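Heads up: the sequence shown begins at 19 in this note's numbering, then just goes up one per residue. Using N, Cα and C, we set each Cβ at its ideal position, and we do this for glycine too. Bear in mind the structure is a predicted one, so any value in this text is a computation, not a measurement. Here the structure comes first, spelled out in structure tokens, and everything after it is commentary.
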Amino acid sequence: MDEKLDLFYNRRSVRKYADRPVSDQQIEQLLKAAMAAPTAMNLKPWEFVVVRDADQLEKLRKISPFSNINAPCAIVVCGNLGVFKRPLMERFWVQDCSAATENLLLAATAFGLGSLWCGLYPIKGMIKSVSQHLELPGSVIPLALVFVGYGAEEKPARTQYDANKIFRERYSDKW
Ligand SMILES: Cc1cc2nc3c(=O)[nH]c(=O)nc-3n(C[C@H](O)[C@H](O)[C@H](O)COP(=O)(O)O)c2cc1C
Numbered sequence: 019m020d021e022k023l024d025l026f027y028n029r030r031s032v033r034k035y036a037d038r039p040v041s042d043q044q045i046e047q048l049l050k051a052a053m054a055a056p057t058a059m060n061l062k063p064w065e066f067v068v069v070r071d072a073d074q075l076e077k078l079r080k081i082s083p084f085s086n087i088n089a090p091c092a093i094v095v096c097g098n099l100g101v102f103k104r105p106l107m108e109r110f111w112v113q114d115c116s117a118a119t120e121n122l123l124l125a126a127t128a129f130g131l132g133s134l135w136c137g138l139y140p141i142k143g144m145i146k147s148v149s150q151h152l153e154l155p156g157s158v159i160p161l162a163l164v165f166v167g168y169g170a171e172e173k174p175a176r177t178q179y180d181a182n183k184i185f186r187e188r189y190s191d192k193w
């Protein structure tokens with residue numbers, strides 16, 4: 019594997035965290051990377067709610083059985099559909115905010131932090147609960163719940179490269 023790409027292979031879903039806080043400065047670095055992602059028409063529909071308060075974290079942990087994670091910080095990546103001034107412009111907001119989410123995870127990895135992407139959108143019940151807990155206005159839709167912190171578990175670097183998923187010129191020709 020090319021070591022230039024180590025960052026990508028080192029990013030793994032971390033589900034156990036140390037009881038060690040994440041600072042404002044660290045969070046700002048992560049969000050600078052998140053907001054370096056590409057967006058359709060450069061409309062940047064993303065917004066981020068940073069949660070470190072114990073009660074707020076507890077509410078987010080209860081959103082689903084798959085989000086019961088003991089991290090000291092959660093960042094909820096949202097799309098603000100209010101930025102779209104013409105019909106159909108909002109069609110790419112999920113991709114825009116997903117690109118930002120992946121940048122956030124990679125930045126966390128670069129700083130030696132663990133991270134976990136928990137899906138919210140398009141599950142209606144989770145969107146409703148998170149919107150209520152975070153008091154989001156109706157035009158702001160939560161896409162992803164990202165946990166961040168110092169990891170308390172080690173996972174090996176890896177790709178899941180599979181040549182069977184690649185085709186040359188047309189689907190009938192395998193790579
Ligand atoms: C859209 C999306 C939703 C996910 N939701 C959850 C989740 O709710 N809980 C969880 O523990 N992991 C969740 N994951 C993490 C995946 O389980 C994980 O990325 C996958 O198993 C591959 O492992 P890796 O991230 O270590 O490479 C989600 C990942 C994505 C991209």
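With a cutoff of 8 Å on beta-carbon distance, G100 and G132 are scored as not near each other. Shortest Cα-Cα distance from D20 to any of D180, K183 and A175 involves A175. Taking C-beta atoms as the reference points, A162 and K34 fail to come closer than 8 Å.
Looking from the CA of F84, the closest CA among L124, L23, L138 and K146 belongs to L138. R109 counts as exposed, since fewer than 16 other C-beta atoms from the protein chains shown sit within 10 angstroms of its C-beta. Of K146, R30, F102 and L154, the smallest CA-CA separation from L123 is found for R30. Distance check between F102 and each of A128, K62 and V40 places K62 closest, using alpha-carbon atoms only. Its Cα nearest to that of L25, the residue A126 stands out among A126, V94, L134 and I159. Ranked by Cα distance from S41, the options S82, M53, K22 and D71 are led by D71. Residue nearest to R104 within the set A51, M59 and I45 is M59 (criterion: CA-CA distance). The way I'd put it, the segment 79 to 95 does touch the segment 138 to 154; three or more beta-carbon pairs between them come closer than 8 Å. Annotation for C115 indicates a beta carbon at 7 Å or more from all heavy atoms of ligand 1.
Every residue whose Cβ sits closer than 5 Å to any heavy atom of ligand 1 is listed here in chain order: R30, S31, F84, W135, C136 and G137. Residues W64, V95, G97 and L161 of the same chain have their beta carbon placed closer than 6 Å to that of C115, with the five preceding and five following residues left out of the count.
Contact check for T119 against V164 passes: the beta carbons are separated by less than 8 Å.
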